[in-house]
Amino acid sequence: MLSRVANCLYWMARYIERAENIARIVDVNLQLLLDFRNLNDQRLADHWMPIVQSTGDEAAFLALHKKATGKNVTEFLVFQLENPNSLVSSICQARENARMVRDQITSEIWEELNRLYLFVRSPQARQVWKESPTDFFQQVKASSLTLIGLTRATSIRNEGWNFSEAGKFLERADKTSRILDLRYHTLPERGLPGAVSQTEALEWSAILRSCSAWDAYKSIHSAEVHPRLVAEFLLLNEDFPRSARFCIKELHHALRRISGVPLGRFSNEAEKLAGRLDAELQFSTVEDIFAQGLHLYLDQFQFKLNAIGDALFNAYFFQSFAVVDEQVYVQQEEQQQQCK
Amino acid sequence: MPGVGKFRQHMLKRYDHAGFFDEMLDKDGQVRPHYRKFREHFKALTPQEFDHKRHSVDVAFLRQGVTFNVYGDSAGTEKIFPFDLLPRIIPAKEWDFLERGLTQRITALNLFLHDIYHEQRILKDGVIPPHYVLSGKHFRREFAGFNVPKDIYIHVCGTDLIRDDSGQWLVLEDNGRCPSGVSYVLENRRAMKRSFPGMFEDIGVRPVEDYPRELLRMLNHIAPAGVADPPVVLLTPGAYNSAYFEHTYLARQMGIEIVEGRDLVVRDARVFMRTTKGLQPVHVIYRRIDDDFIDPTVFRRDSMLGVPGLVRAYRAGNVSLANSIGTGIADDKVMYYFVPRMIKYYLDQEPIIPNVETYLASEEADKKYILENLNKLVVKAANESGGYGMLMGPKASKEEIEAFRKQFEADPRNYIAQPMISLSRHPTQVDGEKFEGRHIDLRPFILYGEKIVIVPGGLTRVALRKGSLVVNSSQGGGSKDTWVLYGDE
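If you read the protein sequences in the order shown, they are chains A and B.
Taking the numbering used here, the leading residue of the first sequence gets 139, the next gets one more, and so forth.
Taking the numbering used here, the leading residue of the second sequence gets 610, the next gets one more, and so forth.
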């Protein structure tokens, strides 16, 4: 498979996953605010700013907006094209990557992604959003899940599939860890957290819902919400498809399928790092993690994910395809295809 | 049935077919024999059913991304190529005639290219004044004496045909570099089959679906000698090119890789693509990049789309290109003027399909005539395509004519002129309801491999604006499905 194609499939999957995660985070937090009273500007900023921080785009946000109000933050995270990681930007980039490799993806996937793209770029999307943000997010989430389903149902299990799986799970692990980190400032720096207030419990359940984990969590822990259990569930649960452990296992296996190298050995840096992280999650307890401090742990976790992403790039993609000289686009357009 | 009444009213009573050659109706307003069966089927549809079908086709095209990018528009604007549901129908006897004419033409063009890159007999014998060839923008003197694989230069040709007010077929231009549009031929047919599944068998329409297979067969045929099962790729300028949809479409239909220049590298005069498993050899390239951009070490140095060293690999015979480098000289609009002479010279035949009467601006007498008659002529830049750089005298304002006059006088070698042809018209749905005559042309696609293959049909383009003669999609054109019948009615 062409390196460029592999790269596009990897990023297409990442961007779809990214868009869906943004939809969930913003949706859940908008709803959460409905349960709070006495909201002043400061309370609102305290609520929204960590969400911006969790995306890693704080600087970009502050360049565009003065205050972290709900309106500004949702605009930034959902529609703003100046934010390369906004929901709409992510869908545009997923679709752009898909367009580059249209011959490599099934028409079912392409048509659904194109439909989603046409929807979020249409005036109708704003209209739906105005009337009911939840309906808007519902559509985005449903489309993303449809895409995941279509990919499973229609794609041949070749290298391209493995690269897109790797992209999806890497992105998902990253997003789960960032969502889990949203309320770190309410936790002790090190050591297990104590009892939580009712408001805090609501915030932690919002974290679960942002990861589509509420139902799965309840089936194990009933309705008792405690940061320790939430962290354990989202990081170490073996069977929940959005937990860090699950994602890293899937990522690790996708990398193995690409190279054909069996578990227990490695042929490149990406496999080495993914294998190491997989083992670490298998052989950790939540007590270990809190002893180190959840925030610090998550920070390092994200750092490790980045290292795996970089190593993957060096192993298979060789050259940067993301940054392209503007002149290239001009020349691509200039080629006169005789017709039309 | 009210539907039938309405249809008849639009199509047959109020439909004005006078003053032009109408493809569907003869002078007396009678439906031509090869449209009769279609008319029977069509009559059974109510306007509501018809609207519904048209709407679902439009939605399907947009959803599938059957679109083109607009030049000079802000990045990424995509439009669907408007599609008219009334098919253009060609009876068997006319198609036989066209097939013979097109085969004759591509044969002569290939002999011409071989000649001018070798002995240049046609120049030495004074049939074509040498300076027209040697000063041509697309003449590649670097390839003089070079033997292209199997002696084929133009492997894929899109020749534009029109009919004048008497119904006479004429060649408007040859496109022998990177002709595009064939994906619309295939997609239009798919849309028509979905919309009118019952019609095809009954009316007897020849299939077009073979095109990708024939294209691949041709590409395999030109592979370097001794390479069995040659790896074939399609080289695209990239996703921002107007025809990118077509590139991915063809690659997918043929089951070959679509590559950009940056996916290829040349080592020891051999071409490889970069894959996740390292470098893999490439032996045949169906390239959709202009000569100028294909290799920055030979042609334009600022090209960021090409592959450094590709020309060296090509010269070494390790990779074949379709179309060959240097074909642009044959579809130059000045060279067009000489094609009838080429046919006579190489084949000793008269052209089966004639040219449009043409004036060469570089000939003094012609130049004088052109300048005196700018308001009556269509003047075209020799090396442009897509309707750019052209003046439609009879439709232009005084200011436009004067502005063009300056451009023209600055570089007369660059222009040709032709009388305005009243293109034939075809019933076309306008404003989503009534049917009116609109001007059309036809681009069949000719493949030159082991033998010459022309898929029955082609892209019928239609000028959707009333009275407009410009069928280019960038300027308000649309398309129709083209049906070539097994029989004559």
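C-beta: ideal position from N, C-alpha, C; glycine also.
Because the structure is a prediction, the values reported are computed rather than measured.
Just the Cα atoms here: how many angstroms apart are Arg924(B) and Phe755(B)?
8 Å
With DSSP as the reference, label Asn178(A) as helix, strand or coil.
coil
Since Phe625(B) sits in a beta bridge, which residues does DSSP pair it with?
Reading off the sequence, residue 625(B) comes out as Asp, not Phe. The partner list for Asp625(B) (beta bridge, DSSP) is empty, contrary to what the question assumes.
Over what stretch of residues does the beta strand (DSSP E) that includes Glu370(A) continue unbroken?
Element bounds for Glu370(A): not the beta strand (DSSP E) but the alpha helix (DSSP H), 365 to 374.
Glu1045(B): first and last residue of the uninterrupted beta strand (DSSP E) it sits in
1044 to 1052
Using a Cβ-Cβ cut-off of 8 Å, state whether Asn252(A) counts as contacting chain B.
yes
Chain A contacts made by the segment 910 to 924 of chain B, where a contact means CB separation under 8 Å
Asp911, Ser912, Met913, Leu914
Below 8 Å on the Cβ atoms is my contact criterion, and I expect Phe651(B) with Gln473(A) to pass it. Report the Cβ-Cβ distance as a whole number of Å.
With 8 Å as the limit, Phe651(B) and Gln473(A) do not qualify as a contact, their Cβ atoms being about 40 Å apart.
8 Å Cβ shell around Arg641(B) - same chain, five flanking residues per side excluded
Glu632, Met633, Leu634, Asp635
Closest Cα partner of Ala453(A) within the set Leu419(A), Lys410(A), Ser315(A), Arg162(A):
Lys410(A)
Enclosing alpha helix (DSSP H) for Ile867(B) [first to last residue]
No alpha helix (DSSP H) holds Ile867(B); the beta strand (DSSP E) holding it covers 866 to 868.
Rounded to a whole number of angstroms, what is the C-alpha to C-alpha distance between Ile396(A) and Arg772(B)?
57 Å
Using a cut-off of 8 Å between C-beta atoms, extract the partners of Leu256(A) located in chain B.
Leu671, Arg672
Where does Asp1097(B) land, buried or exposed, given buried means 16+ other C-beta within 10 angstroms?
exposed
Would Asp625(B) and Gly1046(B) qualify as a contact pair, given that the criterion is a beta-carbon distance under 8 Å?
yes
Can you check which of these residues, Arg871(B), Glu1018(B), Ile938(B), is closest to Ala753(B) by C-alpha distance?
Ile938(B)
Distance CB(Thr885(B))-CB(Ala144(A)) smaller than 8 Å
yes
Alpha carbon of Cys146(A) to alpha carbon of Glu866(B), nearest angstrom
14 Å
Please confirm if Ala144(A) has its CB atom under 8 Å from at least one CB of chain B.
yes
Determine, using beta carbons only, whether Ala860(B) comes closer than 8 Å to chain A.
yes
Other residues of its chain near Asn406(A): CB distance less than 6 Å, five sequence neighbours each side excluded:
Ala453
Taking a contact to mean a Cβ-Cβ separation below 8 Å, would you say Gly918(B) touches Pro833(B) in this structure?
no
Taking all protein chains shown into account, do 16 or more other C-beta atoms lie within 10 angstroms of the C-beta of Leu219(A), making it buried, or fewer, making it exposed?
exposed
Taking the alpha carbon of Met863(B) as the point to measure from, which residue in Val880(B), Arg879(B), Arg822(B) has its own alpha carbon closest?
Arg822(B)
Mind listing which residues of the segment 829 to 850 of chain B have their C-beta closer than 7 Å to chain A's C-betas, in chain order?
Pro846, Gly847, Ala848, Tyr849, Asn850
Just to make sure I have the definition right: I need the residues of chain A whose C-beta is within less than 7 Å of the C-beta of Val868(B). Which are they?
Leu140
Distance CB(Tyr1057(B))-CB(Leu720(B)) smaller than 8 Å:
no
Quick check on the burial criterion: 16 or more other C-beta atoms within 10 angstroms. Buried or exposed for Thr314(A)?
buried
Are the Cβ atoms of Tyr762(B) and Leu824(B) separated by less than 8 Å?
no
Under 9 Å by beta carbon: chain B residues contacting Gln276(A):
Ordered by position in chain B, no residue passes the 9 Å Cβ test against Gln276(A), which lies about 20 Å from the chain.
Report yes or no: do three or more beta-carbon pairs, one from the segment 220 to 232 of chain A and one from the segment 195 to 210 of chain A, lie closer than 8 Å?
yes
If you drop the 5 nearest sequence neighbours on each side, which residues of the same chain put their C-beta closer than 7 Å to that of His390(A)?
Ala412, Gly413, Asp416
What did DSSP end up calling Phe752(B) once you bin it into helix, strand or coil?
helix
Cβ shell of Ala369(A) (< 7 Å), same chain only, five flanking positions each side left out
Leu318, Val424, Ile427, Leu432
Per-residue DSSP class, three states only, for Asp900(B)
helix
State the Cα-Cα distance for the pair Tyr148(A) and Leu374(A), rounded to the nearest angstrom.
25 Å
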